[in-house]
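> If you're matching them up, the sequences are chains A and B in order. Heads up: the first sequence runs through residues 5 to 199, numbered per the working numbering. Heads up: the second sequence runs through residues 5 to 199, numbered per the working numbering. Don't be surprised by glycine CBs; every beta carbon is placed ideally from N, CA and C. This is the structure I have questions about; it appears just below.
There are 2 protein chains.
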Amino acid sequence: MTHSALGTARRADARHNVARILRAAVTCLGRDPAASMNDIAREAGVGRVTVYAHYPSREALVEAAMVHVLAEGDEVLATVDLTGDPRDGLRALIEAGWMLLAQSTSVLEAALAALPPGRVQDLHAGPEQRIHDLVRRGQALGVFRTDLPARWLASVLHHLLHGAVADVAAGRLDPADAPRYLSAVTLAAYGATGA
Amino acid sequence: MTHSALGTARRADARHNVARILRAAVTCLGRDPAASMNDIAREAGVGRVTVYAHYPSREALVEAAMVHVLAEGDEVLATVDLTGDPRDGLRALIEAGWMLLAQSTSVLEAALAALPPGRVQDLHAGPEQRIHDLVRRGQALGVFRTDLPARWLASVLHHLLHGAVADVAAGRLDPADAPRYLSAVTLAAYGATGA
């Protein structure tokens, strides 16, 4: 192998390891939000040293796992049609967002515990932007209220979605009811006409 | 001193120490949610051993501080008149609840970080019950929607209040706007007639 071919192979190896570690982190944290670096290394089939070579701390790895889950979620949200009636778009976004959240509750819990306050919401900038854009379009079309800023209305849905996850975890809310309950209060909170 | 007088004096000392430690915990955690047992002992003017004699772990002391703050808050909420129009009651409860939350954000943050998931919301059973009772009365009077359970509607306000605290902390919401924004979306979410 030439010097540069060796470099290319090493970089491919590193990418391969990163992918394995991230998949293992999502699996382990999904089972147990307190999963350790050792648990994740074992699941990935790599040594601890390899994990630390890519992620210098558990916090860094948990954040990377959260970013990975959000990127996958973003691909799903990108398929939701938001071009029609904003009220239907909101219902569809809530339905899809709820499914994604329900699948990633445990990774989210790990991230909330391991990352500095506010960091998890900052990482949600992508989904937040989708909601924000939809709210603004609904306001422009006159189907959502305009007496409150779009930013606050978008934040309302964020808080309700994450609050509903906590309610389900605490046994206070049946997950089967959640999307309908969320849509009902969010559409009303947005002052949706004809909802 | 007789044996029993000595016992009485010791118990009075212990009560006095507990009160000092709790006040110091609220002060220290209010300044810094990561305040240590040492910081709190120093603020209380007692030794570490005395703190540990009453609270075997930082988690136990943070929980006691949260309970103390909630009990003080409950005294304030008890003065809010909830006997008139439930819509006015809701606005008054949001206003008072917001003030209390804004004053105790840092203790709340410490509790969220130190206590097991769900514990902080469990400790809020008192304020939750006030909201729940108000929602049920509003439903019975026909001024709040009845197509969703009172429990979920009460939960909605809980999530929005705590979400707004996070928004303020992250610089996404002006605290001066918060009570009005919260009342506007909550009344709408509750389907309040004539709101």
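Using three-state DSSP, classify residue 128 of chain B as helix, strand or coil.
The count along the second sequence starts at 1 and reaches residue 128 of chain B at position 124. For residue 128 of chain B, the secondary structure class from DSSP, reduced to helix, strand or coil, is coil.
> Closest by CA to residue 53 of chain A, which one among A:70, A:93, A:36, A:18?
For the purposes of this step, residue 53 of chain A is taken as the residue at position 49 of the first sequence. Selected option, being the one with the closest Cα: A:18.
> Buried or exposed, going by whether 16 or more other CB atoms sit within 10 Å of the CB of residue 79 of chain A?
Here residue 79 of chain A refers to the residue found at position 75 of the first sequence. Exposed, by the Cβ-count rule.
> With residue 4 of chain A as the anchor, note down where its alpha helix (DSSP H) starts and where it stops.
This structure does not reach residue 4 of chain A, given that chain A is present from 5 up to 199, and the question cannot be answered.
> So that I know if they touch, is there some Cβ in chain A lying closer than 7 angstroms to that of residue 56 of chain B?
Within the second sequence, the letter at position 52 stands for residue 56 of chain B. Taking CB atoms only, residue 56 of chain B has no neighbour in chain A less than 7 angstroms away.
> Does the count of Cβ pairs from the segment 148-160 of chain B and the segment 167-182 of chain A closer than 8 angstroms reach three?
yes
> Run through DSSP, which three-state label would residue 12 of chain A get?
Numbered from its first residue, the first sequence carries residue 12 of chain A at position 8. Residue 12 of chain A: helix per DSSP, three-state reduction.
> If residue 29 of chain A and residue 65 of chain A are in contact, beta carbons under 8 angstroms, what's the gap, nearest whole angstrom?
For this step, residue 29 of chain A is matched to residue 25 along the first sequence. For this step, residue 65 of chain A is matched to residue 61 along the first sequence. Separation of the CB atoms of residue 29 of chain A and residue 65 of chain A is rounded to 6 angstroms, and the pair is thereby assigned contact status at 8 angstroms.
> Under a CB-based cut-off of 7 angstroms, is residue 156 of chain A close to chain B?
By 1-based counting over the first sequence, the position of residue 156 of chain A is 152. At least one C-beta of chain B is nearer than 7 angstroms to the C-beta of residue 156 of chain A.
> At a Cβ threshold of 7 angstroms, is residue 171 of chain B touching chain A?
Residue mapping note: residue 171 of chain B aligns to position 167 of the second sequence, counting from 1. So yes, residue 171 of chain B belongs to the interface.
> Counting C-beta neighbours from all protein chains within 10 Å, is the total for residue 76 of chain B 16 or more, i.e. buried, or is it exposed?
One-based indexing of the second sequence puts residue 76 of chain B at position 72. Exposed, since its Cβ has fewer than 16 Cβ neighbours within 10 Å.
> Could you give the residue range of the alpha helix (DSSP H) that holds residue 78 of chain A?
Here residue 78 of chain A is taken as the residue at index 74 of the first sequence, counted from 1. Counting along the chain, the alpha helix (DSSP H) containing residue 78 of chain A begins and ends at 62-81.
> How long is the line joining the alpha carbons of residue 130 of chain B and residue 159 of chain B, rounded to whole angstroms?
The residue given as residue 130 of chain B occupies position 126 in the second sequence. The residue given as residue 159 of chain B occupies position 155 in the second sequence. Distance between the alpha carbons of residue 130 of chain B and residue 159 of chain B: 13 angstroms.
> Would you kindly work out how many angstroms separate the C-alpha atoms of residue 192 of chain A and residue 26 of chain B, rounded to a whole number?
Counting from 1 along the first sequence, the entry for residue 192 of chain A is found at position 188. Counting from 1 along the second sequence, the entry for residue 26 of chain B is found at position 22. So the two alpha carbons sit approximately 42 angstroms from each other.
> Inspect the CB distances between the segment 181-197 of chain B and the segment 163-170 of chain B and report whether three or more fall short of 8 angstroms.
yes
> Relative to the C-alpha of residue 70 of chain B, which residue among B:89, B:123, B:184 is closest?
In the second sequence, the residue the question calls residue 70 of chain B occupies position 66. Closest by alpha carbon: B:123.
> Checking contacts by CB at 7 angstroms: is residue 191 of chain A closer than that to chain B?
Position 187 of the first sequence, counted from the start, is the residue given in the question as residue 191 of chain A. No, no contact with chain B.
> Do we get a CB-CB distance below 7 angstroms when we pair residue 136 of chain B with the residues of chain A?
Indexing the second sequence from 1 puts residue 136 of chain B at position 132. Closer than 7 angstroms: no.
> Quick one: list the residues of chain A neighbouring residue 125 of chain B, beta-carbon separation under 8 angstroms, in chain order.
Start at 1 with the first residue of the second sequence, and residue 125 of chain B comes out as number 121. The contacting residues are 170, 174.
> Is the number of C-beta pairs between the segment 30-50 of chain B and the segment 110-117 of chain B that are closer than 8 angstroms three or more?
yes
> Mind checking if residue 61 of chain B is an interface residue toward chain A, Cβ cutoff 7 angstroms exclusive?
The residue given as residue 61 of chain B occupies position 57 in the second sequence. Not one chain A Cβ lies under 7 angstroms of residue 61 of chain B.
> What's the C-alpha gap between residue 173 of chain A and residue 99 of chain A?
The residue you call residue 173 of chain A lines up with position 169 of the first sequence. The residue you call residue 99 of chain A lines up with position 95 of the first sequence. Near 18 angstroms, if we compare the C-alpha coordinates of residue 99 of chain A and residue 173 of chain A.
> Check whether the Cβ atoms of residue 197 of chain B and residue 147 of chain B lie closer than 7 angstroms to each other.
Here residue 197 of chain B corresponds to residue number 193 of the second sequence, with the count starting at 1. Here residue 147 of chain B corresponds to residue number 143 of the second sequence, with the count starting at 1. Their beta carbons are under 7 angstroms apart, which means residue 197 of chain B touches residue 147 of chain B by this criterion.
> Which residue wins for smallest C-alpha separation from residue 149 of chain A, given the options A:186, A:127, A:195?
Your numbering for residue 149 of chain A matches position 145 in the first sequence. For the residues A:186, A:127, A:195, the minimum Cα distance to residue 149 of chain A belongs to A:195.
> Would the C-beta of residue 162 of chain A count as close to the ligand NAP, meaning under 6 angstroms from any of its heavy atoms?
For the ligand NAP, the structure offers nothing, since it holds no ligand at all.
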